[in-house]
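Trainee:
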Amino acid sequence: MNTRTIGAEAIAEKGWFSSHKWLILRRFSQLAILALFMLGPLAGLWIVKGNLAYSLTLNILPLTDPYVLLQSLLTGHIPEKLGLIGVAIILAFYFLVGGRVYCSWVCPVNLVTDGAAWMRGRLGIKGGAQISRKMRYWVLAMTLVVAGASGTIAWELINPVSMLHRGLIFGLGTAWAIVLAVFLLDLFVSQKAWCGHVCPVGAFYSLLGKWSPLRVSAVKRDACNDCMDCFAVCPEPQVIRPALKGAKQNIGPAILSPNCTNCGRCIDVCSKDVFRFGLRSGNKAG
Amino acid sequence: MDGSNKTPGAKQASRRQFLIDMAKTACGVGLLGGGLSLYAKQAKALPPLAIRPPGALAEPDFQGACIRCGLCVRDCPYNILELAKPEQRVATGTPFFVARNLPCEMCEDIPCVKACPTGALDHALTDIYKSKMGLAVLVDHETCLNFLGLRCDVCYRICPSIDKAITLEPLHNLRTGKHAMFLPTVHSDQCTGCGKCEKACVLEEAAIKIYPIKLAKGELGHHYRLGWEEKKKAGRSLIDDQNIIDLPDRMPEPEDGK
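Below is the structure:
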């Protein structure tokens, strides 16, 4: 067992609150979005109707999930106007803030897989099956091919992401078993297996955010003391190295990988305040 | 020299590893995709008693168009719709209702269709009486009380299109020899499949049920012509009555053979 916990230095240096700021904001965002959806069925307060596939806020703002709509388009169906307006808004939003912001700030499965990661740490479970991080793109391609070939939105039959969110709002049924399977996959089979390796929803949103302007940037990378806490806490640790250690290779400090989820945990756990949110533009080394 | 200090052997090994990893991932995903395709094929079969909301596209198209948002469920004022859970035999997350539990109330403004963002519920449907959610079929002539000669009439009376979608057809009651039977008769051009008749049927198990139109309807051979209708269209008989050979009618033979 390691004797020091991740982020201990940051807590000592900045205090507990400052070293959990983005985590708290993120949990608030995840739970608030879920609460908005659930206020209707639970309390009769209809601010938001629907679920993450499509929702109507205050009977005026349509929001459509582009991934499910793309699958629908591939079956040969053209949606109605509201569905198209909704998808334009969502595409613009995630293009601006980073595609995988969906994963870390909105998606309810993130709570499940973060829970699994936390428990994995507590139980000291190490290693596991090797899954390629590129697998998600294969799965993404597969879901699109199957949609086109079968003429149905086949992935939605088993998608744990929509099953959990829809289940919480419209009745869970046995969807809990599929969510539990994702939890156990992350806990025992492979670290961060679902969100970091398999999930095609995340893969889709990563492509959407490939050129997003909002990025985490290692602006004070000279101050890095190699404590490795950011690598340990990051759900996609491979994205950090080029930005943090790329000064010699003349690579700019902004994390440009589309798989960075902009969760901001690296900002939290760094005692030297190396990271902060910044922009892609003007990303020059030095 | 490409700047790396790898030996050719190491390069070959890493290429080998790359190809193996690629094959592993491709096979895994391929298997998942194959399984998913088979499951999707199974899921296209909607169980007969699960009815889609008004205006729903034909089932395979519906499953390509419905993104499972549940807005139709939310905007149904009578809460009759539900989204299928994974353990139900309806495609996961898609809306349906079961008439025997709660039938469609046939709202004039059809809010469920208006709410649909994709047109899986076809926005061209503006008159609820033109909807075709299914077709009522009087499936059991042995238990239907009207067929037994009673005057139940409940399905007929509850029908939102009374005397159009369901009529009562009088027929001589051979059992008593002196009464009439009033047989509930469904007319497919008027029936919307709302399911009120099935819900209202007083039997333990409904004798009248809503079936998918495909299951409920027969189809005439496309070359069939109904003589009496052709005659009406033409305004006269289409055959030359003069030249019809009228075969002699056979006299019934006496029963005792004499």
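Those protein sequences? They're chains A and B, same order as listed. Counting from 1, position 282 in the first sequence corresponds to residue 1292 in our numbering; the numbering is continuous, with no gaps. Counting from 1, position 21 in the second sequence corresponds to residue 143 in our numbering; the numbering is continuous, with no gaps. Glycine included, C-beta positions come from ideal geometry on N, C-alpha and C.
Which same chain residues end up closer than 7 Å to residue 229 of chain B when comparing Cβ atoms and leaving out the 5 residues on each side of it in sequence?
Mentor: 199, 250
Trainee: State the Cα-Cα distance for the pair residue 1223 of chain A and residue 1266 of chain A, rounded to the nearest angstrom.
Mentor: 9 Å
Trainee: What are the partner residues of residue 1227 of chain A, as DSSP defines its beta bridges?
Mentor: A:1264, A:1286
Trainee: What would DSSP say about residue 326 of chain B, mapped onto helix, strand or coil?
Mentor: When DSSP states are grouped into helix, strand and coil, residue 326 of chain B belongs to the coil group.
Trainee: Would you kindly report the start and end of the unbroken beta strand (DSSP E) that includes residue 288 of chain B?
Mentor: Residue 288 of chain B -> beta strand (DSSP E) spans 288 to 295.
Trainee: With distances taken between CB atoms, is the gap from residue 1277 of chain A to residue 1286 of chain A smaller than 9 Å?
Mentor: yes
Trainee: Just to make sure I have the definition right: I need the residues of chain A whose C-beta is within less than 7 Å of the C-beta of residue 185 of chain B. Which are they?
Mentor: 1162, 1163
Trainee: Relative to the C-alpha of residue 214 of chain B, which candidate in B:190, B:195, B:223 has its C-alpha closest?
Mentor: B:190
Trainee: Please confirm if residue 1137 of chain A has its CB atom under 9 Å from at least one CB of chain B.
Mentor: no
Trainee: Cβ atoms of residue 1166 of chain A and residue 241 of chain B: under 9 Å apart, would you say?
Mentor: no
Trainee: Sorted by chain position, which residues of the same chain lie with C-beta nearer than 6 Å to residue 224 of chain B's C-beta, five sequence neighbours on each side aside?
Mentor: Excluding residues within five positions, the ones whose Cβ falls inside 6 Å are 202.
Trainee: Looking only at DSSP bridge pairs, what is residue 351 of chain B linked to?
Mentor: Answer is none; residue 351 of chain B lacks a bridge partner.
Trainee: Among the residues of its own chain, which have a CB less than 6 Å from the CB of residue 1079 of chain A, if the five just before and after it don't count?
Mentor: 1097
Trainee: Answer yes or no: does any C-beta atom of chain A fall closer than 9 Å to that of residue 125 of chain B?
Mentor: In this prediction, residue 125 of chain B has a pLDDT of 44, which is less than 50 and means its spatial position is unreliable; nothing more can be read from the coordinates.
Trainee: Select from B:136, B:268, B:256 the residue whose C-alpha is nearest the C-alpha of residue 384 of chain B.
Mentor: Past the edges of chain B, shown from 123 to 380, lies residue 384 of chain B, and the structure says nothing about it.
Trainee: With 9 Å as the threshold, decide whether the Cβ of residue 1011 of chain A is near any Cβ in chain B.
Mentor: At residue 1011 of chain A, the pLDDT of 38 sits below 50, so the modelled position is not reliable and the matter cannot be decided from this model.
Trainee: Only counting the same chain, and skipping five residues up and downstream in sequence, which positions put a Cβ closer than 6 Å to that of residue 1130 of chain A?
Mentor: 1197
Trainee: Exposed or buried, what is residue 1058 of chain A when buried is set at 16 or more other beta-carbons lying within 10 Å of its beta-carbon?
Mentor: Buried is the call here.
Trainee: Going along chain B, which residues have a C-beta under 8 Å from residue 1145 of chain A?
Mentor: 147, 150, 151
Trainee: Anything in chain A within Cβ reach of residue 320 of chain B, meaning under 8 Å, just list it in chain order.
Mentor: Within chain A, no residue comes near residue 320 of chain B; the closest Cβ sits about 24 Å away, beyond 8 Å.
Trainee: Compare the beta carbon distance of residue 1115 of chain A and residue 1040 of chain A with 9 Å and say whether it is the shorter of the two.
Mentor: yes
Trainee: Step through the CB atoms of chain B and report whether any lies within less than 9 Å of the CB of residue 1180 of chain A.
Mentor: yes
Trainee: What residues in the stretch 1074 to 1085 of chain A have a beta carbon less than 8 Å from any beta carbon of chain B?
Mentor: Taken in chain order, the members of the stretch 1074 to 1085 of chain A whose beta-carbon sits within less than 8 Å of a beta-carbon on chain B are 1074, 1075, 1078, 1079, 1082, 1085.
Trainee: Quick check: the Cα distance between residue 285 of chain B and residue 274 of chain B, rounded to an integer number of angstroms?
Mentor: 15 Å
Trainee: If you compare alpha carbons, which of A:1213, A:1201, A:1206, A:1253 is closest to residue 1229 of chain A?
Mentor: A:1253
Trainee: Quick check on residue 430 of chain B: does DSSP put it in helix, strand or coil?
Mentor: There is simply no residue 430 of chain B to check, as chain B begins at 123 and stops at 380 in what is shown.
Trainee: Pairing CB atoms from the stretch 1061 to 1076 of chain A with CB atoms from the stretch 1160 to 1178 of chain A, are three or more of them under 8 Å?
Mentor: yes
Trainee: Count the CB pairs spanning the stretch 296 to 315 of chain B and the stretch 362 to 375 of chain B that are closer than 8 Å, and state whether there are at least three.
Mentor: no
Trainee: Which runs of the beta strand (DSSP E), 3 residues or longer, sit entirely within the stretch 1063 to 1099 of chain A?
Mentor: 1064 to 1067, 1071 to 1074
Trainee: Please list the residues of the stretch 1275 to 1292 of chain A that have a C-beta atom closer than 8 Å to any C-beta atom in chain B, keeping them in chain order.
Mentor: Only those residues of the stretch 1275 to 1292 of chain A whose C-beta falls short of 8 Å from the nearest C-beta of chain B would be listed, and there are none.
Trainee: Quick one: list the residues of chain B neighbouring residue 1090 of chain A, beta-carbon separation under 8 Å, in chain order.
Mentor: 238, 239, 240, 241, 245
Trainee: First and last residue of the beta strand (DSSP E) that includes residue 307 of chain B?
Mentor: 301 to 308
Trainee: Taking only beta-carbon positions, decide if residue 312 of chain B is within less than 9 Å of chain A.
Mentor: no
Trainee: Report the neighbours of residue 214 of chain B on chain A: residues whose CB is nearer than 8 Å to its CB, in chain order.
Mentor: 1166, 1167, 1168, 1173
Trainee: What would DSSP say about residue 219 of chain B, mapped onto helix, strand or coil?
Mentor: strand
Trainee: Closer than 7 Å by C-beta to residue 1250 of chain A: which residues in its own chain qualify, once you throw out the five before and the five after it? Chain order, please.
Mentor: 1240, 1241, 1244, 1265, 1276
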